[in-house]
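Chemist: Per full-length UniProt numbering, the very first residue in the sequence shown carries number 1; after that it's consecutive. All C-beta atoms in this analysis are idealised placements derived from N, C-alpha and C, irrespective of residue type, glycine included. The structure presented is a predicted model; accordingly, all values stated were derived computationally and were not measured. My structure is below; once you've seen it, I'll send some questions.
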Amino acid sequence: MQYTKFGRTGLNVSRLCLGTMTFGLQTEEAASHAILDRATEAGVNFIDIADVYPLGSDESLGGRTEEIVGRWLKSEGRRSRYIVATKACGQMGPSPWDKGASRKHLLDAIDASLRRLGTDYVDLYQLHSDDTETPIDETLEALDTIVKSGKARYIGVSNYLAYRLARALGRADVLRVARFVSVQPRYNLLFRQIERELLPLANEEGLAVIPYNPLAGGLLTGKYQHSAAPSEGRFTAQVGKAGAMYQQRYWHEREFATIEALKGIAKESGESLTRLSLAWVLANPVVTSAIIGASRVDQLTETLGTIDYTLDAELKAKLDDASHAYRWGDAAR
Numbered sequence: 001m002q003y004t005k006f007g008r009t010g011l012n013v014s015r016l017c018l019g020t021m022t023f024g025l026q027t028e029e030a031a032s033h034a035i036l037d038r039a040t041e042a043g044v045n046f047i048d049i050a051d052v053y054p055l056g057s058d059e060s061l062g063g064r065t066e067e068i069v070g071r072w073l074k075s076e077g078r079r080s081r082y083i084v085a086t087k088a089c090g091q092m093g094p095s096p097w098d099k100g101a102s103r104k105h106l107l108d109a110i111d112a113s114l115r116r117l118g119t120d121y122v123d124l125y126q127l128h129s130d131d132t133e134t135p136i137d138e139t140l141e142a143l144d145t146i147v148k149s150g151k152a153r154y155i156g157v158s159n160y161l162a163y164r165l166a167r168a169l170g171r172a173d174v175l176r177v178a179r180f181v182s183v184q185p186r187y188n189l190l191f192r193q194i195e196r197e198l199l200p201l202a203n204e205e206g207l208a209v210i211p212y213n214p215l216a217g218g219l220l221t222g223k224y225q226h227s228a229a230p231s232e233g234r235f236t237a238q239v240g241k242a243g244a245m246y247q248q249r250y251w252h253e254r255e256f257a258t259i260e261a262l263k264g265i266a267k268e269s270g271e272s273l274t275r276l277s278l279a280w281v282l283a284n285p286v287v288t289s290a291i292i293g294a295s296r297v298d299q300l301t302e303t304l305g306t307i308d309y310t311l312d313a314e315l316k317a318k319l320d321d322a323s324h325a326y327r328w329g330d331a332a333r
């Protein structure tokens, strides 16, 4: 495993981060713990969770993933050996204030996450999405309270537009409160528009970048065909309403045509499309750690092994060219 600085902080993390959103729905607890064990054997010390996980669950299952990871961390006294990240903002109860980034919700949400995880603190506490209905100053001051109380060491964001993140960083400086140190965006060969504004902002501000979906929900493994309905994985009803969300993101003729071109590059190189796709994300100098997930232990074999593979400049250029249109988002479709 390789390790690197987490943005401008003094923290060191593994260049692969284990995502856990399958735990508790697609993957039962014993298999989830086996996945955590396998990632640990490979040197992964960074675990990403969210209070709303597992993916595709309703409110009755929200928090189950944190509980599963919490029981694993408690076993054999593992907590001190891992960087644990979780997220808040999603709907976690029946009341209108059981979501978002208000002071009320965030102060309740961090305590609930800590109870489920069985720990006194998380290393990274992230806003899972942007709550535009709550004043950013209120959110920042609530997060500052959480950091100063010792319940979180650092704070970050996920799914933020560049201009909103820039504004939040500026307001934190004005208010002299805790500042975001990381951003967690969607990023892969089929979704590159963050290269235009978000990644340059992160580079300039020294933010850690921890992309999710580096394999586009499994589409960049090359195992799916556009003409055949998916029978398993994130594009199906196995993950509830999230299956439709993943289909909306990636299940399009243009994406499958691109994958065929990428398969050709992979075949020519002698490497798998999975390895090339993940290596391409890691090759971006702004990327700190890529979040990989699995619903079975065997799915980790290739992704964990990618850390020993270096993408050469010529091959990266071919991948860049084949996916260039995705820098411009849906307008190119």
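Alpha carbon to alpha carbon, what distance is there between Asp-308 and Ser-14?
Modeler: Taking the sequence shown and counting its residues from 1, one reaches residue 14 at position 14. Taking the sequence shown and counting its residues from 1, one reaches residue 308 at position 308. CA-to-CA, the gap between Ser-14 and Asp-308 works out to about 13 Å.
Chemist: What would DSSP say about Gly-264, mapped onto helix, strand or coil?
Modeler: Taking the first residue of the sequence shown as position 1, residue 264 is located at position 264. Three-state result, Gly-264: helix.
Chemist: Are the stretch 14-25 and the stretch 37-57 touching by the rule of at least three beta carbon pairs closer than 8 Å?
Modeler: yes
Chemist: Under 8 Å: do the stretch 192-200 and the stretch 214-223 share three or more Cβ pairs, one atom per stretch?
Modeler: no
Chemist: Take Glu-41 as the anchor and find which of Pro-285, Tyr-82, Ala-172 has the nearest alpha-carbon.
Modeler: For the purposes of this step, residue 41 is taken as residue 41 along the sequence shown, with counting starting at 1. Of the candidates Pro-285, Tyr-82, Ala-172, the one whose C-alpha sits nearest the C-alpha of Glu-41 is Tyr-82.
Chemist: Can Phe-6 and Val-181 be called in contact, C-beta distance under 8 Å?
Modeler: As a working note, residue 6 is residue 6 in the sequence shown. As a working note, residue 181 is residue 181 in the sequence shown. Yes, the Cβ-Cβ distance between Phe-6 and Val-181 is below 8 Å.
Chemist: I'd like to confirm the pairing. Which residues does DSSP put opposite residue 334 in its beta bridges?
Modeler: The shown model of the chain, from 1 to 333, leaves out residue 334, and the question about it has no answer.
Chemist: Might you give, ordered along the chain, the residues of its own chain that have their beta carbon closer than 8 Å to the beta carbon of Leu-304, omitting 5 neighbours on each side?
Modeler: Taking the first residue of the sequence shown as 1, we reach residue 304 at position 304. Here the set comprises Leu-16, Arg-38, Ala-39, Ala-42, Val-44, Ile-292.
Chemist: Please work out which residues of its chain come closer than 8 Å, Cβ to Cβ, to Ile-265, disregarding the five sequence neighbours upstream and downstream, and give them in chain order.
Modeler: As a position in the sequence shown, residue 265 is number 265, starting the count at 1. Taking C-beta separations shorter than 8 Å and ignoring five residues to either side along the sequence, the partners of Ile-265 in its chain run Leu-276, Leu-315, Lys-318, Leu-319, Ala-322, following chain order.
Chemist: Just confirm the distance between the C-beta atoms of Leu-114 and Asp-108, as a whole number of angstroms; I'd bet it's less than 8 Å.
Modeler: Reading the sequence shown from its first residue, position 114 is the one you call residue 114. Reading the sequence shown from its first residue, position 108 is the one you call residue 108. About 11 Å; that fails the 8 Å criterion.
Chemist: Considering only the beta carbon of each residue, do Arg-64 and Leu-73 sit closer than 8 Å?
Modeler: Taking the first residue of the sequence shown as 1, we reach residue 64 at position 64. Taking the first residue of the sequence shown as 1, we reach residue 73 at position 73. For Arg-64 and Leu-73, no; Cβs fall outside 8 Å.
Chemist: On a CA-only basis, which of Ala-228, Trp-251, Ile-259, Val-286 is nearest His-324? Give me that one, please.
Modeler: What you label residue 324 is simply residue 324 of the sequence shown in a count that begins at 1. With distances taken between Cα atoms, His-324 lies closest to Ile-259.
Chemist: If I'm right that Glu-138 touches Leu-175 with Cβ under 8 Å, what's the distance once you round it to whole angstroms?
Modeler: Working through the sequence shown from its first residue, we reach residue 138 at position 138. Working through the sequence shown from its first residue, we reach residue 175 at position 175. 11 Å between Cβ atoms; not a contact.
Chemist: Got a sec? Which residues, its chain only, sit under 6 Å from His-226 by beta carbon, not counting five neighbours each side?
Modeler: For the purposes of this step, residue 226 is identified with residue 226 of the sequence shown, where counting begins at 1. The answer, listed in chain order, is Phe-256.
Chemist: Going by DSSP in three states, Arg-8 sits in which element: helix, strand or coil?
Modeler: Numbered from its first residue, the sequence shown carries residue 8 at position 8. Arg-8: coil per DSSP, three-state reduction.
Chemist: Cα separation between Ala-101 and Arg-171?
Modeler: One-based indexing of the sequence shown puts residue 101 at position 101. One-based indexing of the sequence shown puts residue 171 at position 171. C-alpha separation (whole angstroms): 15 Å.
Chemist: Identify, in the order they occur along the chain, each residue of the same chain with its Cβ nearer than 8 Å to the Cβ of Tyr-246, setting aside the five sequence neighbours on each side.
Modeler: Residue mapping note: residue 246 aligns to position 246 of the sequence shown, counting from 1. Contacts found: Gly-217, Arg-234, Phe-235, Val-239.
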